[in-house]
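So in the working numbering, spot 208 of the sequence shown is number 224, and the numbers just go up one at a time. Where is the CB? At the ideal position from N, CA and C, for every residue including glycine. This one's a predicted model, so the numbers in the text were calculated from it and none came from an experiment.
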Amino acid sequence: MIVVKNAAELQKIRKACEISARVLRLAGEKVADGMSTWELNRIIGEFIHRHGAKPSFLNYRGFKGNACISVNHELIHGVPSKKRILRNGDIVSVDVGAHLDGWHGDNAATFKVGEVSETAERLLRVTEESLFAAIKFALPGSRIGDISNAVQTYCESRGFYVVKEYIGHGIGRELHEAPDIPNFGKPGKGPRLTAGMTLCIEPMVNQSTPKTKVLNDNWTVVEANGNLCAHFEHTIAITEGQPIILTKLD
Ligand code: MG
């Protein structure tokens, strides 16, 4: 069942989303050559706690981190580590949520460490643009398939591959709620959108294959060929008019 939120509930989700967005921006400002993903994780946790919230992902199904931090060929669910040192030329995906007053916000972005390859630049740009291409379809009366298809078409027509095993989701009192929001699909299919739905749209895009593998730590999901991948995510609210991007800062 898709839970539709009223105005007061949306206001609470908005606050959780604002903390999520601000900590993601902070993470992007802090990434630097020589920094461990552990240190980045510490900065993220400190910010979230200082703003009266809790990291949504910490201990979620046993996850040991305030955020998922995934480097280069790692797509999602990277576990922060003192041994994982960021280097110039890396790309690093940070996926972070804040839990405030009973409500969750969730967002992700892939950041550059120093100067990165042309391929990395292009992958990041296309993945982020696909998110905004999809949000254009987040209108009352549209279907989830319209969003899914927008991501898929945008990325595949530019030579990249959308991941099929991991998908976006509804959000609210739970971090993951109905509906599922795949990054592939057919327009006109799937649940119909109505005002008051809150959704996490999150393109996960690979350089050379749609396939992924899970590493031996049972968390880290990687591009199956070991090439680059990117991840961008916003929490949005469906309204009677244009969608509100709750995790976008002005
Ligand atoms: Mg998410």
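Check whether residue i and residue j have beta carbons under 8 Å apart
i    : j    : result
E14  : T236 : Only positions 17 to 266 of the chain appear in this structure, which leaves residue 14 out of reach.
G161 : I29  : no
V178 : V47  : no
P219 : R159 : no
V132 : G105 : yes
T263 : N123 : yes
G157 : K21  : no
V108 : L102 : yes
G186 : I18  : yes
V142 : F176 : yes
Y170 : I92  : no
I85  : G94  : yes
A211 : W119 : no
Y76  : L191 : yes
Near ligand 1: residue i beta-carbon under 7 Å from a heavy atom
i    : result
H185 : yes
D122 : yes
E249 : yes
C216 : yes
Cβ distance (whole Å) where residue i is taken to contact residue j below 8 Å
i    : j    : result
A154 : I254 : 6 Å
F248 : T126 : 7 Å
A246 : L147 : That pair is no contact at about 10 Å.
N243 : Q258 : Actually they are not in contact, since the Cβ atoms of N243 and Q258 sit about 36 Å apart, beyond 8 Å.
H250 : I163 : Going by Cβ atoms, the distance from H250 to I163 rounds to 12 Å, so no, they are not a contact pair.
A15  : A149 : A question about residue 15 goes unanswered here, because the residues of the chain that appear run from 17 up to 266.
Would you say the stretch 246-266 touches the stretch 210-220, given that touching needs at least three Cβ pairs under 8 Å? yes
Do three or more CB pairs link the stretch 30-41 to the stretch 57-67 at distances below 8 Å? yes
Is there contact between the stretch 195-202 and the stretch 232-246, where contact requires at least three CB pairs shorter than 8 Å? no
Taking three-plus beta-carbon pairs below 8 Å as touching, is the stretch 106-124 in contact with the stretch 69-76? yes
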